[in-house]
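Undergrad:
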Amino acid sequence: GESVGLHLPTLSVQEGDNSIINCAYSNSASDYFIWYKQESGKGPQFIIDIRSNMDKRQGQRVTVLLNKTVKHLSLQIAATQPGDSAVYFCAENVSGGYNKLIFGAGTRLAVHP
Amino acid sequence: SAVISQKPSRDICQRGTSLTIQCQVDSQVTMMFWYRQQPGQSLTLIATANQGSEATYESGFVIDKFPISRPNLTFSTLTVSNMSPEDSSIYLCSVEEDTYEQYFGPGTRLTVT
């Protein structure tokens, strides 16, 4: 198998529970944030994004919360399924100049039946 | 979102040699990016490649080691030159669609022996 996520913090949840993955971002000037899901052997998959003028955005089974005061981002996954098992990365776009995403360290989500 | 393909999907190369990785997109995009993902790690931006201009490299990456071409709006290549085992990584290309939204290819898994 692939080595993605071997050394990353792991969140273990039971199937059907809700998952919360947290991310602290680095730059107070960041104006856009993305959550990616990376399964073993694949490239990162875009899940949901949020702009800095919002504090919450919902998608299908996922919600992203943004707290600019403490530079914190979270991804909530409702009714977690085995197919949600993957490594999750947050990424921030630093405004000014050209577009550039800075990725967080990542969290491995392990869903147990 | 755009469909992105990369060639090769994986390769095993000897130290001192070079490998060129191709990234093909099924639609025209202005901005393309190349990332490196070392084993068990997050993604690090190597360079931004815009059609018709020189690639912009991030700190720690130089053109002599990672030359990039961007001949048109649907294609780019990244060459990893004079490889050493430390270059063993997953190399990913991404494209920007709507403002700031980046989508990734499947990656090229490189092992240098």
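Each protein sequence line maps, in turn, to chains A and B. So in our numbering, spot 86 of the first sequence is number 86, and the numbers just go up one at a time. So in our numbering, spot 42 of the second sequence is number 1042, and the numbers just go up one at a time. Think of the CB as a built atom: it goes at the ideal place given N, C-alpha and C, for glycine as much as any other residue.
Within 10 angstroms of its Cβ, does B:I1062 collect 16 or more other Cβ (buried), or is it exposed?
TA: Numbered from its first residue, the second sequence carries residue 1062 of chain B at position 62. Note that residue 1062 of chain B is Val in the sequence shown here, rather than Ile. Exposed, because fewer than 16 other Cβ atoms sit within 10 Å of the Cβ of B:V1062.
Undergrad: Mark B:R1010 as exposed unless 16 or more other C-beta atoms lie within 10 angstroms of its C-beta, in which case mark it buried.
TA: The residue given as residue 1010 of chain B occupies position 10 in the second sequence. So B:R1010 counts as exposed.
Undergrad: What's the C-alpha gap between A:K56 and B:T1113?
TA: Here residue 56 of chain A is taken as the residue at index 56 of the first sequence, counted from 1. Here residue 1113 of chain B is taken as the residue at index 113 of the second sequence, counted from 1. Spanning the two alpha carbons is a distance of roughly 47 Å.
Undergrad: Using 7 Å as the limit for Cβ to Cβ distance, is B:Q1022 near chain A?
TA: For this step, residue 1022 of chain B is matched to residue 22 along the second sequence. Taking Cβ atoms only, chain A never reaches closer than 7 Å to B:Q1022, which makes this a no.
Undergrad: Using CA coordinates, which residue listed in A:G104, A:K37, A:V111, A:Q38 is at the minimum distance from A:C23?
TA: As a first step, residue 23 of chain A must be located in the first sequence, where it is residue number 23. Nearest of A:G104, A:K37, A:V111, A:Q38 to A:C23, Cα basis: A:G104.
Undergrad: Does the count of Cβ pairs from the stretch 30-43 of chain A and the stretch 86-102 of chain A closer than 8 Å reach three?
TA: Short answer: they touch.
Undergrad: Would you mind listing the beta strand (DSSP E) stretches within the stretch 33-64 of chain A that are 3+ residues and don't spill past its ends, in chain order?
TA: Counting only runs of 3 or more, we get 45-51, 56-58.
Undergrad: Around the Cβ of B:G1016, are there at least 16 other Cβ atoms within 10 angstroms (buried) or fewer (exposed)?
TA: Working through the second sequence from its first residue, we reach residue 1016 of chain B at position 16. Burial call: exposed.
Undergrad: In this structure, how does DSSP classify B:E1086 when only helix, strand and coil are distinguished?
TA: The residue you call residue 1086 of chain B lines up with position 86 of the second sequence. Reduced to three states, the DSSP call for B:E1086 is helix.
Undergrad: Per DSSP, what are the beta-bridge partners of A:Y88 in this structure?
TA: Your numbering for residue 88 of chain A matches position 88 in the first sequence. The partner list for A:Y88 (beta bridge, DSSP) reads A:K37, A:T107.
Undergrad: On a CA-only basis, which of B:S1027, B:Q1014, B:P1008, B:L1078 is nearest B:T1056? Give me that one, please.
TA: Here residue 1056 of chain B refers to the residue found at position 56 when the second sequence is read from its first residue. It is B:L1078 whose Cα lies nearest to the Cα of B:T1056.
Undergrad: Is the shortest distance between the beta-carbon of A:F33 and the beta-carbons of chain B less than 7 Å?
TA: On the first sequence, position 33 is the one that residue 33 of chain A refers to. No, because no Cβ of chain B sits closer than 7 Å to the Cβ of A:F33.
Undergrad: How is B:P1008 classed by DSSP in three states: helix, strand or coil?
TA: Sequence index remark: in the second sequence, residue 1008 of chain B carries index 8 (1-based). Coil, per DSSP.
Undergrad: What residue does the beta strand (DSSP E) around B:F1061 start on, and which one ends it?
TA: Position 61 of the second sequence, counting from 1, holds the residue named residue 1061 of chain B. It is not in any beta strand (DSSP E) - B:F1061 carries neither H nor E in the DSSP assignment.
Undergrad: If you check the beta carbons only, do B:A1002 and B:V1025 fall under 7 Å apart?
TA: Position 2 of the second sequence holds residue 1002 of chain B. Position 25 of the second sequence holds residue 1025 of chain B. Contact flag set, yes.
Undergrad: Beta-carbon within less than 7 Å of A:Q14's beta-carbon, same chain only, minus the 5 sequence neighbours each way: which residues are those?
TA: Here the question's residue 14 of chain A lines up with position 14 in the first sequence. If we look at A:Q14 and ignore the five residues flanking it on each side, its Cβ neighbours are H112.
Undergrad: Are the CB atoms of B:A1049 and B:I1021 within a distance shorter than 7 Å?
TA: Taking the second sequence and counting its residues from 1, one reaches residue 1021 of chain B at position 21. Taking the second sequence and counting its residues from 1, one reaches residue 1049 of chain B at position 49. Not in contact: B:I1021 and B:A1049 (Cβ atoms no closer than 7 Å).
Undergrad: So A:S74 packs on A:L109, CB below 8 Å; how close in whole Å?
TA: The residue labelled residue 74 of chain A in the question sits at position 74 within the first sequence. The residue labelled residue 109 of chain A in the question sits at position 109 within the first sequence. Contact doesn't hold; Cβ gap of about 13 Å is too wide.
Undergrad: Start and end of the beta strand (DSSP E) containing B:R1036?
TA: Sequence index remark: in the second sequence, residue 1036 of chain B carries index 36 (1-based). Note, B:R1036: beta strand (DSSP E), 1031-1037.
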